[in-house]
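Residue 55 is where the sequence shown starts when you use the numbering used here, and the numbers rise one by one after that.
Accompanying notes for the structure given below.
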Amino acid sequence: MEHIGVRETVRFMGLTFNWETLCMTWLAMAIVIIISCLAVRSLKLVPKGWQNFIEMVVLWLHDQLYAMMGEKRGKLFAPFIVSLFLFLLTCNLLGLIPFLESPTNDLNTTLGLALLVVCMVHFFGLYFKGGHYIAHFFQPVAPFVIINLIEEIAKPITLAFRLFGNILAGEILIIVLLHLTTYCVLPSVAWLIFSIFISCVHAVIFTMLSMAYLSNAVKED
C-alpha cells in the first residue's frame, strides 16, 4: 500500500518529470493509435469488431456535437473530442490491469487536459466572436464579471479534480480488495466490474463537459 500516490521522478534540464505517468501516457496513446488503425484497416459496409466500436463512438459524439453547437462548428471540433474521449477511456482503464496505473490518477495529467480545454474555449471564443465573447462576461450587468471570472477559474479545477479523485479512489480500493482477496473474492470481482463502469462514466463526463464549455463559447446562436 505504501506505493499508492508515490511517483518515480526524473530530473531533466532542471525540470522534474513523473516517469511512470509519462510511460503510461505514451502507452495509452499507442493503444488508441493501434485500435484506430485496426478499425480503418479494412473498412466494411457492415462494420464489425474494432470498426463497429469506433463507428459507434464517432457517431455518438458527432450527434452530441451537432446538437450542442451545430453541424458547422461540430465538424471542426469532432477530431479533438473523439480523440479526447478515446484517450481518457484508455487511460482510465489502464489502472485496472495489474502492475499498471492510470495516467489519470495523476493530477498533472487531469489538470493538463483541463487547462487545454479551457484554453481552447477562450481562444476559439475570441476567434469566432471577438469582442462579443469578452462582453458576455459582463452580462447581465457589469458587476457579474466577478462571478463569471470565478466560474472560469473553477472550470479547470473541477474538471481536473473530479476525474483525478474518482480514478485514484477506485484504484486504491482495488488494491485494498486484492490484499483481502483470500477472504472476499466476490467483492473484488464486483468492484472491478464497477470500476470499469466508473472509468467509462468519467471519460464521458469529462468529454461532455468539454463539449458544453466549447459549445457555449463558439455556437452561432
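Note that beta-carbon positions come from the ideal geometry of N, C-alpha and C, so glycine has one too.
Please state the DSSP three-state secondary structure of L69.
In the structure shown, L69 sits in a strand (DSSP, three-state: E or B).
Report all residues from its chain with a CB closer than 7 Å to the CB of N159; omit the five preceding and five following residues, and keep chain order.
Once the five neighbours on either side are set aside, the close Cβ partners of N159 are G149, F218, I221, L222, E225.
So, helix, strand or coil for V172, using DSSP?
Reduced to three states, the DSSP call for V172 is helix.
Assuming A271 and F178 form a contact by the criterion Cβ under 8 Å, report the distance between their Cβ atoms to the nearest whole angstrom.
With a Cβ gap of about 6 Å, A271 and F178 count as contacting.
Just tell me which of H116, K209, L92 has its CA closest to the CA of N106.
N106 has its Cα closest to that of L92, out of H116, K209, L92.
Jot down the residue ranges of each uninterrupted alpha helix (DSSP H) in the region 111-148, minimum 4 residues, whole runs only, in chain order.
Correct list: empty.
By Cβ distance below 8 Å, which residues in the same chain neighbour I250 in space, the five residues on each side in sequence not counted?
Result list for I250: L147, L150, in chain order.
Go ahead and pull the three-state DSSP assignment for V288.
This structure gives no information on residue 288, because the portion of the chain shown stretches from 55 to 275.
Helix, strand or coil for V195 per DSSP?
V195 falls in the coil class under three-state DSSP.
Between which two residues does the alpha helix (DSSP H) harbouring I151 extend?
No alpha helix (DSSP H) contains I151, which DSSP labels as neither H nor E.
Compare the beta carbon distance of V136 and L115 with 7 Å and say whether it is the shorter of the two.
Yes, they are a contact pair.
Do you know whose CA, among G128, L203, T212, H190, lies nearest L165's CA?
Measuring from the Cα of L165, the nearest candidate turns out to be T212.
How long is the line joining the alpha carbons of P175 and L268, rounded to whole angstroms?
Note that residue 175 is Val in the sequence shown, not Pro. For V175 and L268, the distance between alpha carbons rounds to 5 Å.
For F191 and F182, I'd like the C-alpha separation in whole angstroms.
C-alpha separation (whole angstroms): 16 Å.
Less than 7 Å between the beta carbons of M122 and M265, yes or no?
Yes. Within cutoff.
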